[in-house]
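One structure is given here, and the rest of the page talks about it.
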Amino acid sequence: MVQQHVSSLSPASTATLSVIVPCYNEGATVESLLTRVRRELPDAQVIVVDDGSTDESASILARLTKPLQLEVIRHDSNAGKGAAVRSGLEVASGDWMVIQDADEEYDPADLATMFELAQSDQCSDGIVYGSRYLRTGKANGGMQSAYLAVRVIAWIQWMLFGKWLSDPLTCYKMLPNKLAGNLGLQSRGFELCTEINAKLLSAGKQITEIPISYQPRSYAEGKKIVANDFLRLIATSVRYRFVAPVSPAPTTDSENTSRKSNWVYIASRVLIGVLLLIAGFGKVFAAQPSLLGSFLVIPAGMVLAWGIVEIVTGWAALTLLPHRLLRQAITAMFSLFVVVLSINWFSGATQCQCLGGSGLPIAMMLVLDLLAISGLVYYRSAWDHRVFVAEGMTGDLAKNLKFAIPVLLIGASLWFGSVHSAFGYLSGRSLLVDSSDKFVGVLDADEKATATFRVRNASATPIRILGAKASCRCVALEDLPITIEPSQTEWIRVSMYGRSESGPQRESAFLICDDSTSGLTLNVTALVHPNPNAVNAIFP
C-alpha cells in the first residue's frame, strides 16, 4: 500500500545514510549542490559518480573531494544515470541510500525529513519517495509535457501493479541499502526509476510519499531526459510486470490466514468488476439513444460517456486496490442502476439494455445489482483496507483478471461487432446482431421510423432469411428474403408506426430462416406522443 501523508516521526537514531550523486556535465551546479548536501547531512556518506563528463565537472570534484569528504567514482565514458547509480551502490555503506541529482532541481534540505521518516514506525519498509506533486498537485514552473509524462507513467504503473504513486519518476528515492542491493538493478538510463518502482511494488513493499520542493530547469539549462527515455520508462514497467516479473516477498502466518478468509470478498469484487466491464464495453461498442421509463431519452453521447465510466470503474474494482472512495462510488453507481431499472420495469419494459442492446431481463439485473450492493456493504472494511490475495493458481488468476477480462471483452466485441453478439455466439446462435434493440426516438401518432440492424452469419453454412413475423405495427422492409454467406454481414431494415396512445412503444420482428435453429428477434422502441409540441417541450 502506498502512503502519502506524514504525521508524527520517531526520534532520530544512529542510522547512517549514503547519498549517491550521478553527475554528467553538471559543472555549473555540482559545487553548489554538493555544498548544500554536506551542510544538510554532515554525517552522510556522499558518493559522486562522474559519468564521463566532458566539461569542468571532473576538476571541480577533484577540488572538493577533501573539503566536502566526498567519495568520487569516475566512468571513462557516459554510461547513463542507471549505470551511475549502480556504481554508487557498489560502494555505499550506509544503512539507507538515496539518489540526489547533481543539478539543483531538488532541495537537499528535504533529505533530512525523508531520512527521519524512513526510520519511523509509520514507514514499515523504510522506503520514502519525495513527491513533487503531493503539495500542489503540479510542480511549480514545470513543463506541461513533463507533467503529462509523469501522469501517464503513474497511470500505467497503477494498471500494471495495482498501486498508485503520485510521482513515480521522482529522483528522491530513499530505501534501505540492503534492500536496494538485493533488487538486482539492471537499467543503465533514466528507466532505472521505473525498474525500482516495479520491483518494489511487485514485492509488496510499502512506499511512503512525502511532499518536497522542486525547481525545474529547461533543456537550455541542461535538462537531459528526452522523448525516447519516456518510451523506455514504459517498456521497463511492462517488462518487469510480464517478461521478468518479481516474486512477492515471503508472507507471515497471520497474512496467510487473512488470505484464506478473503476468497469470498475477492470473488464478489471480481464479479462487480466484470459486471461493470460488460456493461461499459456494451455501451461503448453499441452506443445508441436509450429510453428511461416513459419520460426521458438518454442521448447516444451520454450513453457512450457512461460506458467509459463503467469501464474505468470496473477495471479499478478488478485491481483489488484498497480504496474507500472507490467503494462509495461503485455503491452509488449500483444504487443508481437499481433506480433506473425499477423505473423501466414499472414502465412496462422487460429487457435491460446493459449490453447496448437487449441484455438480461430487468428482474435478473435487479437481483444482480442488489447482490452487488449487499457485497459492497458487507465487505466494506475489506474494500477500504489492505487485503491479501491467496497464493497459488487462485491468487494468480485474481491478480491477472484485470488484464485478461478487458482484453477478452475488447477482442470479442471487435470480432463479433458487439458484446451482445459475442455472448450470442457463445450461447450457440448462428445469426448474430450488433444490438437486437434499437431506439428510434420520439414519434407522433402514425409516424413511421426505421431502424437498421447489422446481422452476421456465424455458422459454417449459408443462411437464408425467408421473411419476418412482425407485430401489428412493425414490418420488415424490402431487404427480405436474403441469403447471408458464412462470416458475412448484411443490413436489415425494420420500421414501426407510432400508435395513437402516448408512451413507450416496442415492436418486434421475428426473422424466419430456412434453418430452424437460426431464428432472431429484432426489436424497435420509440416514445410516442400525440402532441408533438408537448414532446418538444420535454425534449428540446
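Last residue of the sequence shown: 560 in this note's numbering, with the numbers rising by one and none dropped. Where a beta carbon is used, it is the ideal one built from N, C-alpha and C, also for glycine. For clarity, every value in this text was computed on a predicted model and none was experimentally measured.
Shown here, residue 511 sits in a strand according to DSSP, grouped into three states. Shown here, residue 527 sits in a strand according to DSSP, grouped into three states. Residue 173: member of the alpha helix (DSSP H) spanning 164-181, first to last residue. Residue 91: member of the beta strand (DSSP E) spanning 90-95, first to last residue. Separation of residue 471 and residue 217 (C-alpha to C-alpha, rounded to the nearest whole angstrom) is 52 angstroms. Within its own chain, the residues whose Cβ lies closer than 6 angstroms to the Cβ of residue 541, once the five positions on either side in sequence are excluded, are 528, 530, listed in chain order. With respect to the 9 angstroms criterion, residue 481 and residue 506 are classified as neighbours on the basis of their beta carbons. By the CB criterion at 9 angstroms, residue 525 and residue 516 fall inside the cutoff.
Excluding sequence positions up to five before and after residue 95, its CB lies within less than 8 angstroms of the CB of 69, 70, 71, 72, 103, 104, 107, all in the same chain and listed in chain order. Going by C-alpha positions, residue 389 is about 14 angstroms away from residue 398.
For residue 65, the enclosing beta strand (DSSP E) starts and ends at 65-71. Sorting 352, 353, 355, 382 by C-alpha distance to the C-alpha of residue 365 places 382 at the top. In the three-state DSSP reduction, residue 116 falls in the strand class (E or B). When rounded, the separation of the alpha-carbon atoms in residue 510 and residue 487 is 14 angstroms.
By the C-beta criterion, the region 162-180 is judged not to be in contact with the region 319-333, since fewer than 3 inter-stretch pairs fall below 8 angstroms. Where residue 477 is concerned, the enclosing beta strand (DSSP E) starts and stops at 468-477.
Apart from sequence neighbours up to five positions away, the residues of its chain that approach residue 180 with a beta-carbon distance below 8 angstroms are 218, 257, 258, 261, ordered along the chain. Residue 192 is bridged by DSSP to nothing; it lacks a bridge partner. In the structure shown, residue 211 falls within a coil segment according to DSSP collapsed to helix, strand and coil.
Residue 176 holds the alpha-carbon nearest to the alpha-carbon of residue 214 among 432, 176, 236. With a cut-off of 8 angstroms on Cβ pairs, the region 57-67 is not in contact with the region 140-152, counting fewer than three such pairs. Taking C-beta atoms as the reference points, residue 302 and residue 334 fail to come closer than 9 angstroms.
Spatial neighbours of residue 74 in its own chain (CB-CB distance under 8 angstroms, excluding positions within 5 residues in sequence) are listed in chain order as 45. Annotated three-state conformation of residue 128 is coil, per DSSP. Here residue 226 is near residue 147, since their CB atoms are less than 9 angstroms apart. Ranked by Cα distance from residue 132, the options 125, 116, 124 are led by 116.
Cβ neighbours of residue 113 within its own chain (closer than 8 angstroms, five residues either side excluded): 36, 38, 65, 197.
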